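Going down the list, the protein sequences come from chains A and B.
Numbered by the numbering used here, the letters in the first sequence go through residues 1 to 245 in order.
Numbered by the numbering used here, the letters in the second sequence go through residues 1001 to 1245 in order.
Cβ coordinates follow ideal geometry from the N, Cα and C atoms, glycine included.
The model shown is predicted, which means the values in this text are computed figures rather than measured ones.
2 protein chains.
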Amino acid sequence: MHDHAPDVRPATLHARIRAEVEARILSGEWKPGDRLPTETELMARYGCSRMTVNKAMASLAATGLISRNRRAGTVVARPRVHSAVLNIPDIRADIEARGAVYGYRPLLDELRPPCCVHLGAEGHHLGQSRFVRSVHLADDSPVLIEDRHIFLDAVPDAAFADFHGEPPGPWLLGHVPWTKAEHRIAAIAADAMATRALKVSSGTPCLLVERRTWRGEETLTIARQVFRGDAFDLTARFGPTPSGG
Amino acid sequence: MHDHAPDVRPATLHARIRAEVEARILSGEWKPGDRLPTETELMARYGCSRMTVNKAMASLAATGLISRNRRAGTVVARPRVHSAVLNIPDIRADIEARGAVYGYRPLLDELRPPCCVHLGAEGHHLGQSRFVRSVHLADDSPVLIEDRHIFLDAVPDAAFADFHGEPPGPWLLGHVPWTKAEHRIAAIAADAMATRALKVSSGTPCLLVERRTWRGEETLTIARQVFRGDAFDLTARFGPTPSGG
DNA sequence: GAGTAATTATTGTATAGATATTATTTTCAC
DNA sequence: GTGAAAATAATATCTATACAATAATTACTC
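In structure tokens:
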């Protein structure tokens, strides 16, 4: 019952081909820039049809591990863009996973007229928004203060949502489909508001996450979250393949 | 020459099918949990073979937008895991993109005996390592200090690499295949070393990125990077599909 | 030799079917 | 009714083939 990398061969042929090619690349046997066998060769090696090989290779190409071109053949991709999958914490789950009691308190809830939003240095024309400021607590001690704007042009339902018990974040996730999100992560010193709300001394390092979410070209919501630096961090993982992380 | 979302229909049929299904999901017309048309229905609707439909749908399933089961059919996936693609900055490119001159200076370069590494709170048995401490500069002013361990059992070549001109990060990216990476991001106050190296006052908020990279079960390298909080931030983007960000 | 045209190798897309797998639904026995 | 067995509907995989698109190579011309 070791917890090593699973040695089990995938049940289906195209998955097996993919796994074996992938393994050779990850082991370093086939290095970036190396030419891979052609589909015809693999087809002979595995005794299967070209479509099956193609499915395996197309899938590897989709994950960016290999790069394919007509006539030129297939090569192991150059070291990929240095990017990772960042798990934006579900604060509640995160807190509860540590065995603490999660708490949430809205501090402010108001409608804001259009154009009074200047987050992210951009002065976009954003319509009327519902603004909710809240703190999230672990064992009654505040760890995160969140300023959230929800733009009512894009999310009219938000005008009537009840944010006394449920924070706007989970509500939005469950109700609103979105197409694009952007997060900015920075280290800042606690400002006056954060100092008060998080009960830390002025200047304490905090993790700032500014999150903006779109549907198409329309901004749905902007959140500015300030985490107590000593209480939270983010982790990002990257395994080159979605499967074999 | 607007920069809007491209309205162009993908040239190939399966891409078009995928795009249209995707659009209906993203627009909210098909909501999470909704049943999608069967392959046979789509095949009739588009007047194509089932394999073509299958390719489109399999691709959507691979990105997690839909969930498919034999006999049960295809449904729009539940609101996806809240994760994003984090672009770990290539520091050099980042600095140069701002029009500044990039600089790099190694401060320390030594071999460290096994077992003297305790980063990340774990006391793993890690073999002999090459340790390089360096600063990265923008217009001669330091913005990042990096402590890097490279474990020679896993990366023997690193013993002979020349890190006077090229930082270890890029060297590793180009030379060593890896299978897994993990990043921890936190806000910390500049400690004595950071204070000195980054020329900031003690206690200044800094962004800490601890990065650990594996090949299989073997740790290749551990980097601890401290960014000047006022000089750097990370951005993460997420578009539900790799294609349609 | 330089430039151009023809050839060829390789992947991309698509079709039409066959069979396998699996979860649901229906039927049947009791 | 309840539980087991059979039928069914849906996706999953695989084959064999055809043709299209593209880029490297070769052949040919001047």
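I'd like to know if residue i contacts chain A, where contact means its C-beta is closer than 8 Å to some C-beta of that chain.
i        : result
L1144(B) : no
R1016(B) : no
Can you give me the Cβ contacts of residue i inside the same chain, cut-off strictly under 7 Å, excluding the 5 residues immediately before and after it?
i        : result
E110(A)  : F131
I1025(B) : L1065 and V1076
P1242(B) : Its pLDDT being 38, under 50, P1242(B) is placed unreliably by the model, and the measurement read from it follows with that caveat. Here the set comprises T1063.
A1159(B) : R1130 and L1152
D1139(B) : A1100 and V1101
Under a CB-based cut-off of 8 Å, is residue i close to chain B?
i       : result
A121(A) : At A121(A) the pLDDT is 47, less than 50, meaning the model places this residue with poor confidence; the figure from the coordinates comes in the next sentence. Output row for A121(A): interface = no.
C206(A) : yes
T12(A)  : no
What does residue i touch in chain B if you count any residue whose Cβ is under 7 Å from its own?
i       : result
G99(A)  : The contacting residues do not exist; G99(A) stays about 17 Å from chain B at best.
G203(A) : G1203
G28(A)  : P1177
Can you list the residues of chain A that residue i reaches, using a CB-CB cut of under 7 Å?
i        : result
L1234(B) : I185
Suppose the cutoff is 8 Å on Cβ atoms and the five residues either side in sequence are ignored; what does the same chain contact list for residue i look like?
i       : result
G33(A)  : V75, V76 and R78
E20(A)  : none
K199(A) : S141 and P142
T219(A) : H124, L126, F151, A154, R212 and T213
Quick check on the DSSP output: the beta strand (DSSP E) that includes residue i runs from which residue to which?
i        : result
A181(A)  : K180 to A189
T1213(B) : P1205 to R1215
A1223(B) : E1218 to R1228
D1109(B) : Y1102 to R1112
A138(A)  : S129 to A138
R1068(B) : I1066 to N1069
G73(A)   : G73 to V76
What are the boundary residues of the alpha helix (DSSP H) that residue i is part of?
i        : result
A1317(B) : The requested residue 1317(B) does not occur in the structure, where chain B is confined to residues 1001 to 1245.
L13(A)   : L13 to L26
T40(A)   : E39 to Y46
G1169(B) : P1168 to H1175
D147(A)  : Taken as a continuous stretch (DSSP letters only), D147(A) belongs to no alpha helix (DSSP H), being part of the beta strand (DSSP E) at S141 to F151.
R92(A)   : I91 to A97
A1161(B) : Careful: A1161(B) lies outside any alpha helix (DSSP H) and carries neither H nor E.
L198(A)  : A192 to L198
Excluding the five sequence neighbours on either side, which residues of its own chain have a C-beta within less than 6 Å of the C-beta of residue i, listed in chain order?
i        : result
K1055(B) : H1014
E22(A)   : none
L161(A)  : Reading off the sequence, residue 161(A) comes out as Ala, not Leu. Excluding sequence neighbours, A161(A) sits near W171.
V1081(B) : In this predicted model, V1081(B) has a pLDDT of only 49, less than 50, meaning its place in the structure is not dependable; the value taken from the coordinates is given anyway. No residues qualify anywhere along the chain.
S1059(B) : R1018
G1127(B) : P1114, F1151 and D1153
E182(A)  : R212
M43(A)   : R50 and V53
For residue i, go through chain B and note every residue whose CB falls closer than 8 Å to its CB, in chain order.
i       : result
G229(A) : A1186, A1187, I1188, A1189 and P1205
When you check each C-beta in the region 166-195 of chain A against every C-beta of chain B, which residues fall closer than 7 Å?
L173, G174, P177, T179, K180, A181, E182, H183, R184, I185, A186, A187, I188 and A189
Residues of the region 30-44 of chain A with a CB closer than 8 Å to any CB of chain B: list them in chain order, please.
K31 and P32
For the region 1057-1073 of chain B, which residues have a beta carbon sitting closer than 8 Å to at least one beta carbon of chain A?
S1059 and A1062
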